[in-house]
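Protein chains in written order, with the working numbering: chain A, 11 to 262; chain B, 24 to 354. Where is the CB? At the ideal position from N, CA and C, for every residue including glycine. Following: one structure in structure tokens, then a few remarks.
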């Protein structure tokens with residue numbers, strides 16, 4: 011199938027008992043592109059991420075990353091291939107200081123291999139990464155314990171932990187949720203820069219206006235199924251999407 | 024009246040390179056460590072033979088408490104395998120000595136590594152379990168071992184094997200285990216701040232996030248259990264050569280339970296606290312031997328007292344006193 015697609019998901023399904031969380035979802039992600047995934051609450055977006063990144067095993071369907079079948083691989087192996095994710099409910103190492111949080115991914119086999127062990131001072135590298143992501147260098151913030159950081163920094167920390175792995179794909183699970191407008195507007199250039207660095211993004215979002223600024227394509231999910239996919243403007247005028255968000259139009 | 028608490032700024036001024044800025048800062052750092060090191064090394068001189076034996080036992084319990092605290096406080100694995108470590112280390116050392124006649128100098132290192140490998144291997148399948156489930160499983164293995172030894176009547180059965188080589192004299196006994204205890208303590212304190220320790224603490228805080236960072240958590244958990252097992256198995260190998268005897272009481276529950284009490288007393292996640300806790304609890308339980316079964320009651324009372332009134336443990340309490348000054352003032 012060539013190098014055209016970085017990530018290819020084919021007919022993925024996962025049910026928890028009688029709840030069909032993900033049903034027959036297929037999509038493709040090209041290198042360096044941004045794919046938005048939207049959908050009402052409980053439509054299976056996070057489950058889809060969990061299945062792709064190996065935290066949950068799918069019941070059927072296959073996932074290909076760079077032409078390699080990664081279905082059913084363990085999460086850490088998938089992360090080492092360069093497919094990383096953030097968590098919707100942030101998972102910092104709350105007893106460690108912020109920059110020590112970044113030391114953990116810097117010890118992964120992927121970083122050791124790609125940077126050939128010439129990382130030098132890991133603390134300095136970690137602080138550099140944090141500065142890139144918006145932690146002010148000359149303050150105490152990177153040295154504070156992660157448990158005491160406010161929400162905005164924790165979201166950045168989640169992203170920083172992915173960036174430390176030098177990934178090819180980052181799946182952002184609702185990075186904007188819970189942030190103030192000014193925090194969101196300062197995050198957007200950062201995500202744009204990641205895209206310019208050639209990292210493909212999958213963004214799960216409820217903030218549509220901001221998402222549409224970034225995304226090349228948008229996929230809409232409802233009740234575990236993909237109901238539409240296409241460029242942002244086109245997707246929102248799709249009747250099925252309108253129905254999922256607004257309800258059915260009453261026939262006159 | 025209210026209590027006023029002032030930070031002496033010790034911690035801030037002695038962090039990293041700043042500790043080297045003056046003698047007094049270095050003194051602040053060296054003093055508590057020096058008291059422990061010198062105190063432990065000098066203590067045997069003032070003890071009679073009985074006291075020295077108690078100190079040896081206390082050091083073994085301190086090693087176990089150290090391993091327990093390392094796993095529970097820094098890796099999030101509650102491991103009640105203390106008696107498993109003592110048992111496997113002790114049996115391997117004892118059997119090598121009685122069957123092949125190898126001296127303690129050879130059997131203790133072999134049993135330390137061999138016992139640690141053995142106990143880690145049988146604990147690996149359970150490492151997927153978390154919290155209380157792992158605790159229960161690790162508690163079952165020693166019982167399991169005891170009944171296998173009794174039922175199959177192997178390794179001396181219920182009577183055990185006696186007349187093993189003992190260590191030459193009480194000075195060798197003491198000055199073997201005390202430096203090892205100190206080295207283990209300071210090595211672990213170092214380890215938890217190195218990269219590996221950071222990963223382990225990450226696993227304790229959030230194992231899913233560590234997986235997402237591309238790190239195999241089972242591998243790191245295994246390494247951590249092996250580290251704790253090394254420390255515990257040394258204690259076991261040493262113990263069988265200390266008494267010149269091995270038997271099923273090496274798998275006694277005391278070795279799993281006392282470390283928990285010592286950790287509760289000294290403070291979880293401090294490493295030095297559990298060592299001090301074991302060094303206090305073991306002589307105490309010896310002193311109360313005259314009370315027979317009643318000493319368990321007293322023992323429990325001490326434990327409850329600490330858990331209710333000083334849940335952070337006495338080491339954290341002492342540390343706070345050292346770093347902050349408190350006094351009452353009029354409002």
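*Boundaries (first-last residue) of the beta strand (DSSP E) holding residue 264(B)*: By one-based count along the second chain, residue 264(B) stands at place 241. Unbroken run through residue 264(B) is the alpha helix (DSSP H), 240-266; no beta strand (DSSP E).
_Looking only at its chain, what residues have a beta carbon closer than 6 Å to the beta carbon of residue 12(A), apart from the 5 residues adjacent to it on each side?_
For the purposes of this step, residue 12(A) is identified with residue 2 of the first chain, where counting begins at 1. With a pLDDT of only 46 at residue 12(A), under 50, the local geometry of the prediction cannot be trusted, and no value is derived from it.
*Using the beta-carbon of each residue, which ones in chain B are nearer than 9 Å to residue 6(A)?*
There is no way to answer for residue 6(A), as the model of chain A reaches only from 11 to 262.
*Count the other CB atoms within 10 Å of the CB of residue 73(B); is the residue buried (16 or more) or exposed (fewer)?*
Taking the first residue of the second chain as position 1, residue 73(B) is located at position 50. Per the 10 Å Cβ criterion, exposed.
*Name the chain B residues whose beta carbon is nearer than 7 Å to that of residue 114(A)?*
As a working mapping, residue 114(A) is identified with position 104 in the first chain. Correct list: 221, 222, 225, 233, 236 and 238.
*The beta strand (DSSP E) spanning residue 71(A) covers which residue range?*
Against the first chain, residue 71(A) aligns to sequence position 61. From DSSP, the beta strand (DSSP E) with residue 71(A) extends over 70-75.
_On a Cα-Cα basis, can you pick out the residue from 36(A), 89(A) and 124(A) that is closest to residue 15(A)?_
On the first chain, position 5 is the one that residue 15(A) refers to. From the listed residues 36(A), 89(A) and 124(A), the smallest Cα separation to residue 15(A) is found for 36(A).
_Segment contact flag, the region 223-237 of chain B with the region 100-107 of chain A, C-beta cutoff 8 Å, min 3 pairs_ = At 8 Å Cβ cutoff, the stretches touch.
*Any idea what DSSP makes of residue 352(B), helix, strand or coil?*
For the purposes of this step, residue 352(B) is identified with residue 329 of the second chain, where counting begins at 1. In the three-state DSSP reduction, residue 352(B) falls in the strand class (E or B).
*chain A contact residues for residue 229(B), given Cβ-Cβ distances below 7 Å*: Walking along the second chain from the start, residue 229(B) turns up at place 206. Chain A residues near residue 229(B): 101 and 103.
*Considering only residues of the same chain and omitting the five flanking positions on each side of residue 299(B), which have a CB-CB separation below 7 Å?*
Taking the first residue of the second chain as position 1, residue 299(B) is located at position 276. Contacts found: 289 and 338.
*From which residue to which residue does the alpha helix (DSSP H) around residue 143(B) run?*
As a working mapping, residue 143(B) is identified with position 120 in the second chain. Annotation for residue 143(B): the continuous alpha helix (DSSP H) segment containing it runs 127-146.
*In whole angstroms, what is the alpha-carbon distance linking residue 269(B) and residue 179(B)?*
Taking the first residue of the second chain as position 1, residue 269(B) is located at position 246. Taking the first residue of the second chain as position 1, residue 179(B) is located at position 156. Approximately 9 Å between the Cα atoms of the pair.
*Closer than 7 Å by C-beta to residue 170(A): which residues in its own chain qualify, once you throw out the five before and the five after it? Chain order, please.*
Working through the first chain from its first residue, we reach residue 170(A) at position 160. Here the set comprises 112, 139, 140 and 143.
*Below 8 Å on the Cβ atoms is my guess for residue 66(A) versus residue 57(A); work out the distance and round it to an integer in Å.*
If you number the first chain from 1, residue 66(A) lands on position 56. If you number the first chain from 1, residue 57(A) lands on position 47. Between residue 57(A) and residue 66(A) the Cβ distance is about 7 Å, and since that is below 8 Å, they are a contact.
*Please look up how many angstroms separate the CB atoms of residue 100(B) and residue 247(B), rounded, as I've assumed it's under 8 Å.*
Within the second chain, numbered from 1, the residue matching residue 100(B) stands at position 77. Within the second chain, numbered from 1, the residue matching residue 247(B) stands at position 224. About 7 Å; that satisfies the 8 Å criterion.
_Residue environment, residue 24(B), which counts as buried when at least 16 other CB atoms sit within 10 Å_ = Within the second chain, numbered from 1, the residue matching residue 24(B) stands at position 1. Residue 24(B) sits exposed, since fewer than 16 C-beta atoms from the chains shown fall within 10 Å of its C-beta.
*Using the Cα positions of residue 41(A) and residue 152(A), report the straight-line distance between them to the nearest angstrom.*
As a position in the first chain, residue 41(A) is number 31, starting the count at 1. As a position in the first chain, residue 152(A) is number 142, starting the count at 1. Rounded to whole angstroms, the gap between the alpha carbons of residue 41(A) and residue 152(A) is 32 Å.
*Closer than 8 Å, CB to CB, is residue 11(A) near chain B or not?*
As a position in the first chain, residue 11(A) is number 1, starting the count at 1. For residue 11(A), the predicted model reports a pLDDT of 43, less than 50, meaning its position is unreliable and no value from the coordinates is stated.
*Could you check where the alpha helix (DSSP H) with residue 346(B) kicks off and where it finishes?*
The residue labelled residue 346(B) in the question sits at position 323 within the second chain. Here the alpha helix (DSSP H) through residue 346(B) covers 337-346.
*Since residue 228(A) contacts residue 46(A) with CB under 8 Å, what's their CB separation in whole angstroms?*
Reading the first chain from its first residue, position 218 is the one you call residue 228(A). Reading the first chain from its first residue, position 36 is the one you call residue 46(A). Yes, they are in contact, since the Cβ atoms of residue 228(A) and residue 46(A) sit about 4 Å apart, within 8 Å.
*asked:* Buried or exposed for residue 61(B), going by 16 or more other Cβ atoms inside 10 Å?
replied: Taking the first residue of the second chain as position 1, residue 61(B) is located at position 38. Taking all protein chains in view, the Cβ of residue 61(B) is surrounded by fewer than 16 other Cβ atoms within 10 Å, so the residue is classified as exposed.
*Would residue 115(A) count as contacting chain E if we go by Cβ distances under 8 Å?*
This model lacks chain E altogether, as its protein chains are A and B.
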